[in-house]
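> Dropping a structure here in structure tokens format, bear with me for questions.
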């Protein structure tokens with residue numbers, strides 16, 4: 161019996177010491193699992209234009225210039241160590257870091273930057289709008305990139321930190337059907353491959369995207385940058401509902417829950433195994449009213465549009481959402497230079513709204529409100545839609561709620577087919593100029609069918625001036641006039657600036673948040 165027990169003890173010790181079991185435990189410890197409401201339409205840097213795409217690209221690619229992980233107050237070197245600007249402000253010359261390598265092991269050169277930028281421009285996907293002022297990109301030598309602008313662009317450095325300007329390994333992209341030729345919008349076939357593989361210099365590589373289910377990143381074996389990735393694998397699970405994210409976090413099934421609601425914070429704060437981050441987020445939720453009468457119907461009427469702006473209970477919406485949510489002064493988020501404050505926001509005036517409806521001569525106004533029916537950045541969009549429905553009923557507008565799946569609803573919005581929409585906008589780049597997209601003939605303006613033909617000279621002149629003005633005082637004056645105009649005319653009504661509520665395991669290190677990419681999974685460790 162003693163011999164048996166002794167033998168059993170030896171076997172148990174031996175089994176416990178097996179490297180395979182230790183490796184399993186270590187592997188479990190080196191996997192970081194994030195839960196979020198994931199709605200990416202593409203992970204190709206030249207095509208991806210969704211908020212979650214920026215999170216993925218922050219960990220897998222790098223840009224010439226960037227921001228610290230916890231702020232957007234200062235543009236800092238990325239793949240470029242330095243840059244100079246010509247006296248006329250039209251030529252930017254960047255010097256690349258020495259010896260940086262892509263995931264393939266290929267060394268970064270200026271030709272890769274030229275290819276990546278030209279491909280971004282010529283694929284003509286949604287991100288290409290951010291490159292609209294670039295005239296040419298050339299390599300004067302292996303480590304020098306020269307960007308020439310068509311016109312002065314006061315936001316160009318901030319734009320270059322946008323994930324659309326991620327630098328890709330040109331050799332590998334070409335091997336998989338990529339091209340930067342002028343006809344790339346018709347001939348580039350790399351997207352399908354890039355949706356499951358990344359070709360950047362970042363700390364991680366994309367290894368899998370199972371749409372609507374999960375995204376998997378693995379540590380980049382050839383990474384030689386300044387970060388120290390703390391995990392062998394990162395899994396990003398699509399968990400649309402805040403309640404499900406919270407339950408998964410509390411159960412230990414995920415390490416970080418990205419889309420929590422304000423009413424969940426108290427119980428999470430009392431849990432010693434968890435930490436929370438609370439703050440105001442960068443997303444401005446807004447109403448879109450289609451300017452095309454054939455699509456918008458009564459919502460294209462200027463008096464109805466202004467009535468809608470005056471009918472909304474803005475304070476009630478902020479209270480409903482809770483947390484650090486706030487009423488923005490305009491479509492430009494609080495915290496951005498030149499942004500109107502909450503005190504300057506549109507104030508509810510139901511009687512004035514009713515008078516405008518009467519002046520419009522329209523009766524029995526009915527419209528469909530399209531939206532993505534989910535919780536995003538702490539905002540239950542369906543609940544906000546119900547509040548809009550109730551507010552507009554008070555002034556005689558019947559709103560049918562037609563929320564649904566992101567793929568269907570996003571296509572309708574982007575194609576300019578929403579008669580009335582509830583959407584949100586997160587900044588592509590950190591400058592108020594990004595919100596010029598809400599002006600006539602610009603990206604979001606076009607989604608509302610707000611064109612040069614149906615807008616007035618006042619707003620067109622303001623748009624044309626602000627797009628190129630570099631003097632700080634003159635820019636501030638132009639943005640003030642634009643924001644004042646938005647309050648009295650046009651197809652938009654800013655509703656809410658989202659809160660940010662994130663919960664994560666207490667043993668995680670390296671949490672950081674900023675407006676550009678929210679969180680970078682590569683900063684975390686355990």
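Numbering (the numbering used here), first residue to last: 161 to 686. Yeah, the Cβ is synthetic: ideal placement off N, Cα and C, and Gly gets one too.
#1: Would you be able to state if there are at least three C-beta pairs under 8 Å between the stretch 549-564 and the stretch 513-531?
#2: I believe residue 329 touches residue 262 by the beta-carbon criterion, under 8 Å. Please report the beta-carbon distance rounded to the nearest angstrom.
#3: Excluding five sequence neighbours on each side, which residues of the same chain lie with their C-beta closer than 6 Å to the C-beta of residue 289?
#4: Compute the Euclidean distance between the alpha carbons of residue 619 and residue 496, then round it to the nearest angstrom.
#5: Considering only the beta carbon of each residue, do residue 654 and residue 418 sit closer than 8 Å?
#6: According to DSSP, which residues form a beta bridge with residue 585?
#7: Taking residue 633 as part of the alpha helix (DSSP H), name the residues at either end of that continuous run.
#8: Pick helix, strand or coil for residue 508, following the three-state DSSP scheme.
#9: Should residue 503 be labelled buried (16 or more other beta-carbon atoms within 10 Å of its own) or exposed?
#10: Looking at residue 599 and residue 314, is the spacing between their C-beta atoms short of 8 Å?
#11: What is the DSSP secondary structure of residue 414, counted as helix, strand or coil?
#12: For residue 427, count neighbouring Cβ atoms within 10 angstroms of its own Cβ and tell me buried if that reaches 16, exposed if not.
#13: Taking all protein chains shown into account, decide if residue 159 is buried (16 or more other Cβ within 10 angstroms of its Cβ) or exposed.
#14: Go through the stretch 262-302 residue by residue and report every complete run of the alpha helix (DSSP H) that reaches 4 residues or more, in order.
#15: Using 8 Å as the threshold, is the C-beta distance between residue 648 and residue 508 below it?
#16: Using 8 Å as the Cβ pair cut-off and three pairs as the minimum, do the stretch 657-668 and the stretch 477-484 touch?
#17: Taking buried to mean at least 16 other C-beta atoms within 10 Å of its own C-beta, is residue 279 buried or exposed?
#18: Return the CA-CA distance between residue 464 and residue 517, expressed in angstroms with no decimal places.
#19: When you compare only the Cα positions, how much space is there between residue 251 and residue 363?
#20: When burial is assigned at 16 or more other CB atoms within 10 Å of the CB, is residue 370 buried or exposed?
#21: Could you compute how far the alpha carbon of residue 203 sits from the alpha carbon of residue 422?
#22: Taking just the CA atoms, how far does residue 673 sit from residue 437?
#23: Quick check on residue 311: buried or exposed, where buried means 16 or more other Cβ atoms within 10 Å of its Cβ?
#24: Going by other Cβ atoms of all chains shown within 10 Å of its Cβ, with 16 needed for buried, is residue 244 buried or exposed?
#25: Taking 8 Å as the limit between beta carbons, can you name the residues of its chain near residue 414, skipping five residues before and five after?
#26: Three-state secondary structure (DSSP) at residue 251?
#27: For residue 581, count the other beta carbons within 10 Å of its own beta carbon; 16 or more makes it buried, fewer makes it exposed. Which is it?
#28: Thinking residue 643 and residue 489 are a contact (beta carbons under 8 Å), I'd like their distance in whole angstroms, please.
#29: Just the C-alpha distance for residue 383 and residue 577, rounded to the nearest angstrom, thanks.
#30: Taking 6 Å as the limit between beta carbons, can you name the residues of its chain near residue 186, skipping five residues before and five after?
#31: Enumerate in chain order the residues of its own chain whose CB-to-CB distance from residue 291 is below 8 Å, with the five nearest sequence positions on each side excluded.
#32: With H, G and I counted as helix, E and B as strand and the rest as coil, what does DSSP make of residue 152?
On the basis of the data shown:
#1: yes
#2: The residue given as residue 329 occupies position 169 in the chain shown. The residue given as residue 262 occupies position 102 in the chain shown. With a Cβ gap of about 4 Å, residue 329 and residue 262 count as contacting.
#3: Here the question's residue 289 lines up with position 129 in the chain shown. Once the five neighbours on either side are set aside, the close Cβ partners of residue 289 are 603.
#4: Position 459 of the chain shown, counted from the start, is the residue given in the question as residue 619. Position 336 of the chain shown, counted from the start, is the residue given in the question as residue 496. Straight-line Cα distance between these residues: approximately 21 Å.
#5: Counting from one through the chain shown, the residue named residue 654 turns up at place 494. Counting from one through the chain shown, the residue named residue 418 turns up at place 258. In this structure, residue 418 does not lie closer than 8 Å to residue 654 by Cβ.
#6: Working through the chain shown from its first residue, we reach residue 585 at position 425. In DSSP, residue 585 forms a bridge with 444.
#7: Looking up residue 633 in the chain shown gives position 473. 632-646 is the span of the alpha helix (DSSP H), which, as asked, contains residue 633.
#8: Counted from its first residue, the chain shown places residue 508 at position 348. Residue 508 falls in the coil class under three-state DSSP.
#9: As a first step, residue 503 is located in the chain shown; it is residue number 343 there, counting from the start. By the neighbour-count rule (16 or more Cβ atoms within 10 Å), residue 503 is not buried but exposed.
#10: For this step, residue 314 is matched to residue 154 along the chain shown. For this step, residue 599 is matched to residue 439 along the chain shown. No, the pair does not count as a contact, with Cβ atoms beyond the cut-off.
#11: Looking up residue 414 in the chain shown gives position 254. Three-state result, residue 414: coil.
#12: The residue given as residue 427 occupies position 267 in the chain shown. Exposed, by the Cβ-count rule.
#13: A question about residue 159 goes unanswered here, because the residues of the chain that appear run from 161 up to 686.
#14: 270-283
#15: By one-based count along the chain shown, residue 648 stands at place 488. By one-based count along the chain shown, residue 508 stands at place 348. Their beta carbons are not under 8 Å apart, which means residue 648 does not touch residue 508 by this criterion.
#16: yes
#17: Along the chain shown, one-based indexing puts residue 279 at 119. Taking a 10 Å sphere around the C-beta of residue 279, we find 16 or more other C-beta atoms and assign the residue as buried.
#18: Numbered from its first residue, the chain shown carries residue 464 at position 304. Numbered from its first residue, the chain shown carries residue 517 at position 357. Roughly 6 Å between the two C-alpha positions.
#19: Residue mapping note: residue 251 aligns to position 91 of the chain shown, counting from 1. Residue mapping note: residue 363 aligns to position 203 of the chain shown, counting from 1. About 31 Å.
#20: Residue numbering aside, residue 370 sits at position 210 when the chain shown is read from its first letter. Classified as exposed, residue 370 has fewer than 16 neighbouring CB atoms from the shown chains inside 10 Å of its CB.
#21: Working through the chain shown from its first residue, we reach residue 203 at position 43. Working through the chain shown from its first residue, we reach residue 422 at position 262. Roughly 30 Å between the two C-alpha positions.
#22: Taking the chain shown and counting its residues from 1, one reaches residue 437 at position 277. Taking the chain shown and counting its residues from 1, one reaches residue 673 at position 513. Going from the Cα of residue 437 to the Cα of residue 673 covers about 9 Å.
#23: By one-based count along the chain shown, residue 311 stands at place 151. Taking all protein chains shown into account, residue 311 has fewer than 16 neighbouring C-beta atoms within 10 Å of its C-beta and is therefore exposed.
#24: Along the chain shown, one-based indexing puts residue 244 at 84. Exposed.
#25: Locating residue 414 in the chain shown gives position 254, where the first residue counts as 1. 193, 194, 195, 397, 399, 405 and 408, listed in sequence order.
#26: Start at 1 with the first residue of the chain shown, and residue 251 comes out as number 91. Here residue 251 sits in strand by DSSP.
#27: For the purposes of this step, residue 581 is taken as the residue at position 421 of the chain shown. When all chains shown are included, residue 581 counts as buried.
#28: One-based indexing of the chain shown puts residue 643 at position 483. One-based indexing of the chain shown puts residue 489 at position 329. That belief holds up - the Cβ atoms of residue 643 and residue 489 are roughly 7 Å apart, short of 8 Å.
#29: Translated into the one-based positions of the chain shown, residue 383 becomes position 223. Translated into the one-based positions of the chain shown, residue 577 becomes position 417. Spanning the two alpha carbons is a distance of roughly 44 Å.
#30: Translated into positions along the chain shown, residue 186 becomes position 26. In this predicted model, residue 186 has a pLDDT of only 38, less than 50, meaning its place in the structure is not dependable enough to derive any value.
#31: In the chain shown, residue 291 corresponds to position 131, counting from 1. 277, 280, 281, 319, 324 and 325, listed in sequence order.
#32: Past the boundaries of the shown model lies residue 152; the chain is included only from 161 to 686, so the question cannot be answered.
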